[in-house]
Each structure stands twice: as structure tokens, then as C-alpha cells.
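Protein chains in written order, with the UniProt record's numbering: chain A, 1 to 218; chain B, 1 to 218. Don't be surprised by glycine CBs; every beta carbon is placed ideally from N, CA and C. This report concerns only the one structure given below.
There are 2 protein chains.
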Amino acid sequence: MRKVFQAELHQVGEELIEISALVTDAIEKANQAFTGADVELAQEVIAADARIDFLQNDLDERAIDILALQGPVASDLRMIVGSLRMSASLERMGDLARHIAQLARLRFPAKVIPASLTVTFDELAALDIKISKQLGELLETRNLELVTEIAASNARIDELHSSVFKAIAAADWNESAATTVDVTLASRYFERFGDHGVSVARKVSYLVTGQWQPEAHA
Amino acid sequence: MRKVFQAELHQVGEELIEISALVTDAIEKANQAFTGADVELAQEVIAADARIDFLQNDLDERAIDILALQGPVASDLRMIVGSLRMSASLERMGDLARHIAQLARLRFPAKVIPASLTVTFDELAALDIKISKQLGELLETRNLELVTEIAASNARIDELHSSVFKAIAAADWNESAATTVDVTLASRYFERFGDHGVSVARKVSYLVTGQWQPEAHA
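In C-alpha cells, the structure reads:
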């Protein structure tokens with residue numbers, strides 16, 4: 001029984017890693033579609049999000065079965081409850097990658113981001129991709145140094161997100177209102193993606209250390 | 001033992017209702033601050049959000065203790081897991097009310113929304129407030145007709161949210177880029193609030209019926 005239980009716990013952990021890999025794939029491709037105005041790739045990201053949603057449901061059902069049938073306690077219980085929360089955040093990261101791809105599709109064949117902000121958005125996207133990859137690594141290795149790095153990347157994302165609004169408010173901003181909307185939403189999507197990444201990373205940290213630090217306001 | 005367990009389950013339910021009442025208070029006051037450019041009220045909403053966060057943590061710890069100590073099964077287990085998820089959505093609704101209050105504070109003494117869109121935003125806010133009130137009622141009464149009403153309100157919110165972007169893209173939109181940003185973010189906050197409301201309502205429905213229908217994409 002104990003062996004089956006450990007195998008089931010392990011399976012939940014593996015499924016989290018699998019979802020995380022799909023999220024990384026989604027944000028990488030969404031960004032390529034976004035910067036390259038590639039409508040086919042955008043379509044691919046949008047379609048692939050259903051798989052993330054499916055896996056999240058599957059993981060959640062599995063976790064609830066474990067709770068019902070095994071009555072886990074202590075660190076095993078924390079791991080199961082933590083997995084339910086992490087899967088919700090990862091699913092949301094998948095949604096945000098999909099939203100970015102949807103913006104690319106909406107504006108095709110034009111690009112979403114005006115030339116003056118491409119450097120900023122390239123850095124935002126690179127940081128989201130880095131966070132997503134490090135999250136996958138963190139879920140596999142439980143190396144908590146990655147939690148600090150993920151938080152640092154997210155702090156930089158917050159700066160970039162603010163800088164986007166400063167650029168829009170500046171006197172030399174000459175873009176259309178529709179572009180202003182797109183830039184605002186895109187910046188918000190990239191920023192929320194990072195927040196969810198930090199949220200998952202902090203949960204892994206909690207599972208490893210048993211110490212919880214309340215989340216800063218997002 | 002069984003009696004203590006039922007009392008603990010009841011306590012979790014009561015705490016959800018309490019959080020829901022605070023969220024309703026937050027969205028009502030946030031909207032007053034937002035439409036009336038009332039910086040003191042905005043400040044109050046921003047400060048009060050810490051209480052929602054505290055109660056969410058408290059509820060979650062209580063729920064995890066019940067899982068650890070009581071090993072609930074079947075509908076009791078569903079109720080506990082459902083509560084963990086509902087508390088996360090309610091906490092997020094509190095954050096969104098705070099974001100709306102923060103926009104009011106940022107633009108004070110000016111109003112955030114230009115005259116041409118006040119009717120739209122009044123309706124958005126009224127629908128969010130209605131959803132939040134009905135959610136509180138649903139948590140207390142488990143009257144599932146409210147789930148349908150909440151979903152209908154949210155469908156109307158989505159229409160209004162789209163209409164905001166159409167208004168911004170129209171030829172006669174003459175507002176500044178900063179106002180365009182504010183309107184975009186505010187509309188997104190009101191829209192997300194409704195989505196989370198539907199998400200909580202669907203979880204109540206699941207607890208009552210045991211039937212889960214996958215969520216539509218947000």
C-alpha cells in the first residue's frame with residue numbers, strides 16, 4: 001500500500017513537471033508568434049492550451065483521489081495540497097501565453113508592439129521564458145536557489161511593466177489608441193505570467209522547507 | 001469526534017461567507033471611489049484588502065488541518081478542497097477591487113473614466129457588485145438558480161468589456177494615451193472579477209450536485 005501511495009505521489013509530481021514543460025513551450029511559441037506576427041504559430045499555441053487544461057484537471061482528480069483513499073498527513077499532505085495550487089497557477093500561465101498568442105492573431109499581419117517598445121517586450125518575454133524554464137528545473141531538482149532567481153527576474157519584469165506605462169504617458173507617444181490597448185494588455189499578460197511563476201516557486205519552497213512567507217501584493 | 005468535525009466544516013463555510021462579504025464591501029467601495037474620485041475611500045479599500053488576505057490564509061490553514069486530522073472523504077472532502085479553491089478566487093476578487101481603488105487613487109483628483117464611457121463602467125461595476133452579492137447568497141443558501149444568474153451577468157460583462165475596446169478603436173476616441181491605458185486596465189479588472197465570481201459559483205454548484213462541467217476559456 002505504502003509503495004502504491006509513493007508511486008501515486010510521484011505521478012502527481014511528474015504531471016506537474018509535464019504541465020510546466022507545456023507552459024514553457026507555450027510562452028516560447030507565443031512570443032515567437034507575437035514578435036514575428038506568425039499567425040500559424042499563434043494558432044498552435046491557442047490549440048495547445050486545451051492540453052494544459054486537460055492535464056490540470058487530470059492532476060487535480062488524481063490529487064483528490066489520493067486525499068480520499070490514502071488520507072495523507074504531514075509533508076505528503078502538504079505536497080498534495082501544494083500540487084493543487086501549483087496546477088492552478090500553471091494553468092493560468094498557459095492561459096496568459098494563449099492570450100499573448102491571441103493578440104498576435106488579432107493583429108496579423110501587423111505586429112502588436114510598435115518598434116519603440118520591441119526591446120522592452122523582448123526582455124519581458126525572455127524573462128517569462130526564463131522563469132518558466134527555471135520553474136520546470138525547480139520542480140525536478142528542488143534547488144531553492146532557483147526560487148531567488150525567479151523572484152529576481154520577476155522584480156525586473158515589474159520594472160519593465162512600469163516602464164511601458166511611462167513610455168505610453170510620454171509626450172512622444174504617437175501610437176493609435178488600439179495599439180495603446182494592445183501594448184497595455186500585452187504588458188499586463190507578461191507581468192501576470194511572472195507573478196504566477198513566483199507563486200509556484202514559493203510553493204515549492206514551502207514544500208521543501210515547511211516555512212511559508214506571505215506573498216507580496218500583486 | 002464527528003460533532004467536532006462537523007463544527008469545523010461549518011466554520012470553514014462561515015469563513016468563506018465572511019470573506020465573500022468583505023469582497024462585496026471592497027468592490028462596492030472601490031467603485032464609489034472610482035466613480036467619485038474619492039481618494040480616502042480608495043485608501044480604505046486598499047488597506048482592507050489585507051484582512052481578506054489574512055482570512056484566506058486562516059481558512060486555508062484550517063482546511064489543511066481538517067484534511068490532516070480528520071481525513072474527510074466523499075462530499076466532506078469535496079467541500080474542503082472546494083473551499084481551498086474558492087478562497088483563492090475570492091482573494092483574487094479582493095485584489096481586483098484593490099486594483100480598481102488604486103487606479104482611483106493614482107488619478108485623483110481627476111476621474112479615471114472619461115464621460116463617454118461612464119454609463120458602460122457603471123453597468124460593469126453594478127454587474128460585479130451584483131455577482132459578488134449573489135455569490136454571498138449562494139454560499140449561504142446553495143440556491144443553484146443563482147449560479148445561472150451569475151453566469152448571465154458575466155456574459156453581459158464580457159459584452160461590455162468588448163464594447164470598451166470598440167469605443168477606444170473608434171475614430172472619435174480623443175482621450176490621452178494615459179486615459180486609454182487606465183480604461184483598458186479598469187475594464188480588464190472588472191471583467192476578471194466577474195470571471196472569478198463565475199468560477200466560485202461553479203464550484204458551489206459542483207459541491208451541491210457532484211457534477212463538474214469544465215470551465216469555458218477566459
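| query | With contact counted as at least three CB pairs below 8 Å, one residue from each stretch, are the region 155 to 174 of chain B and the region 99 to 113 of chain B in contact? | reply | no
For serine 116 of chain A, the first and last residue of its enclosing alpha helix (DSSP H): In the first sequence, residue 116 of chain A corresponds to position 116, counting from 1. From DSSP, serine 116 of chain A is part of no alpha helix (DSSP H); its letter is neither H nor E.
Handout entry: Pairwise C-alpha distance: glutamate 140 of chain B and alanine 126 of chain A
Key = Here residue 126 of chain A is taken as the residue at index 126 of the first sequence, counted from 1. Here residue 140 of chain B is taken as the residue at index 140 of the second sequence, counted from 1. Distance between the alpha carbons of alanine 126 of chain A and glutamate 140 of chain B is about 46 Å.
Practice prompt. Put aspartate 49 of chain B into one of helix, strand or coil per three-state DSSP.
Written response: Along the second sequence, one-based indexing puts residue 49 of chain B at 49. In the three-state reduction of the DSSP assignment, aspartate 49 of chain B falls in the helix class.
*Are there three or more Cβ pairs, one per stretch, closer than 8 Å when the region 79 to 97 of chain B is compared with the region 14 to 28 of chain B?*
yes
**Request:** Locate the alpha helix (DSSP H) running through alanine 101 of chain B, then write down its first and last residues.
**Result:** To locate residue 101 of chain B, count along the second sequence from 1; it is residue 101. Note, alanine 101 of chain B: alpha helix (DSSP H), 74 to 107.
- Message: So threonine 180 of chain A and threonine 180 of chain B are supposed to be a Cβ contact under 8 Å. How far apart are they, rounded?
- Response: Position 180 of the first sequence, counted from the first residue, corresponds to residue 180 of chain A. Position 180 of the second sequence, counted from the first residue, corresponds to residue 180 of chain B. Contact between threonine 180 of chain A and threonine 180 of chain B holds, with the beta-carbon distance rounding to 4 Å and staying under 8 Å.
Review point. Leucine 9 of chain A CB to nearest chain B CB: under 7 Å?
Key: Here the question's residue 9 of chain A lines up with position 9 in the first sequence. Output row for leucine 9 of chain A: interface = no.
Q. Among B:Ser205, B:Lys130, B:His99 and B:Gly136, which residue has its Cα nearest to the Cα of aspartate 182 of chain B?
A. As a position in the second sequence, residue 182 of chain B is number 182, starting the count at 1. Nearest C-alpha to aspartate 182 of chain B: B:His99.
If you draw a straight line from the alpha carbon of valine 147 of chain A to that of leucine 69 of chain B, how long is it in whole angstroms? On the first sequence, position 147 is the one that residue 147 of chain A refers to. On the second sequence, position 69 is the one that residue 69 of chain B refers to. Roughly 31 Å separates the two Cα atoms.
Exercise for the section: Can you pull the chain B residues whose beta carbon is under 9 Å from the beta carbon of valine 81 of chain A, in chain order? Expected result: Within the first sequence, numbered from 1, the residue matching residue 81 of chain A stands at position 81. Per Cβ cutoff of 9 Å: Asp60, Ala63, Ile64, Leu67, Val81 and Leu84.
| query | serine 180 of chain A touches chain B at which residues, Cβ-Cβ below 7 Å? | reply | Start at 1 with the first residue of the first sequence, and residue 180 of chain A comes out as number 180. Reading off the sequence shown, one finds threonine at residue 180 of chain A, where the question assumed serine. In chain order: Ala177, Thr180 and Val181.
Quiz item: From A:Asn143, A:Leu138, A:Glu149 and A:Phe190, pick the residue whose C-alpha is nearest to that of histidine 161 of chain A; which is it?
Solution: Within the first sequence, numbered from 1, the residue matching residue 161 of chain A stands at position 161. The candidate whose alpha carbon is nearest that of histidine 161 of chain A is A:Phe190.
In chain A, which residues lie less than 9 Å from isoleucine 168 of chain B when you measure between Cβ atoms?
The sequence position of residue 168 of chain B within the second sequence is 168, counting from 1. Close partners of isoleucine 168 of chain B in chain A (Cβ separation under 9 Å): Ala177, Ala178, Thr180 and Val181.
Under a Cβ-count criterion, where at least 16 other Cβ atoms within 10 Å of its own Cβ denotes burial, should alanine 201 of chain B be classed as buried or exposed?
The sequence position of residue 201 of chain B within the second sequence is 201, counting from 1. Alanine 201 of chain B should be labelled buried.
For a contact defined as C-beta to C-beta under 7 Å, what are the partners of threonine 184 of chain A on chain B? To locate residue 184 of chain A, count along the first sequence from 1; it is residue 184. Chain B residues near threonine 184 of chain A: Val181, Thr184 and Leu185.
Between glycine 94 of chain A and chain B, is any beta-carbon pair separated by less than 7 Å?
For the purposes of this step, residue 94 of chain A is taken as the residue at position 94 of the first sequence. Cβ-Cβ to chain B under 7 Å: no for glycine 94 of chain A.
ask   = By DSSP, does glutamine 70 of chain A sit in helix, in strand, or in coil?
value = As a first step, residue 70 of chain A is located in the first sequence; it is residue number 70 there, counting from the start. Correct three-state label for glutamine 70 of chain A: helix.
- Query: Along the chain, where does the alpha helix (DSSP H) that runs through glycine 36 of chain B open and close?
  - Reply: The residue you call residue 36 of chain B lines up with position 36 of the second sequence. It spans 2 to 36 - the alpha helix (DSSP H) in which glycine 36 of chain B sits, taken as one unbroken run.
Is the shortest distance between the beta-carbon of leucine 77 of chain A and the beta-carbons of chain D less than 7 Å?
No chain D is present in this structure, whose protein chains are A and B.
(message) The alpha helix (DSSP H) that contains asparagine 174 of chain B, what's its start and end?
(response) Within the second sequence, numbered from 1, the residue matching residue 174 of chain B stands at position 174. No alpha helix (DSSP H) holds asparagine 174 of chain B; DSSP gives it neither H nor E.
Classify glycine 210 of chain B: buried if its beta carbon has 16 or more other beta carbons within 10 angstroms, exposed otherwise. Locating residue 210 of chain B in the second sequence gives position 210, counting from the first residue. Exposed, because fewer than 16 other Cβ atoms sit within 10 Å of the Cβ of glycine 210 of chain B.
Taking valine 198 of chain A as the query, report the chain B residues whose CB atoms sit under 9 Å from its CB, ordered along the chain. Start at 1 with the first residue of the first sequence, and residue 198 of chain A comes out as number 198. Residues of chain B passing the Cβ test: none, with the nearest at roughly 15 Å.
Checklist entry - Between the C-alpha atoms of methionine 86 of chain B and leucine 59 of chain B, what's the straight-line distance to the nearest angstrom? => result Working through the second sequence from its first residue, we reach residue 86 of chain B at position 86. Working through the second sequence from its first residue, we reach residue 59 of chain B at position 59. Roughly 10 Å separates the two Cα atoms.
* Under the three-state reduction of DSSP, which class applies to glycine 136 of chain A: helix, strand or coil? -> On the first sequence, position 136 is the one that residue 136 of chain A refers to. Helix, per DSSP.
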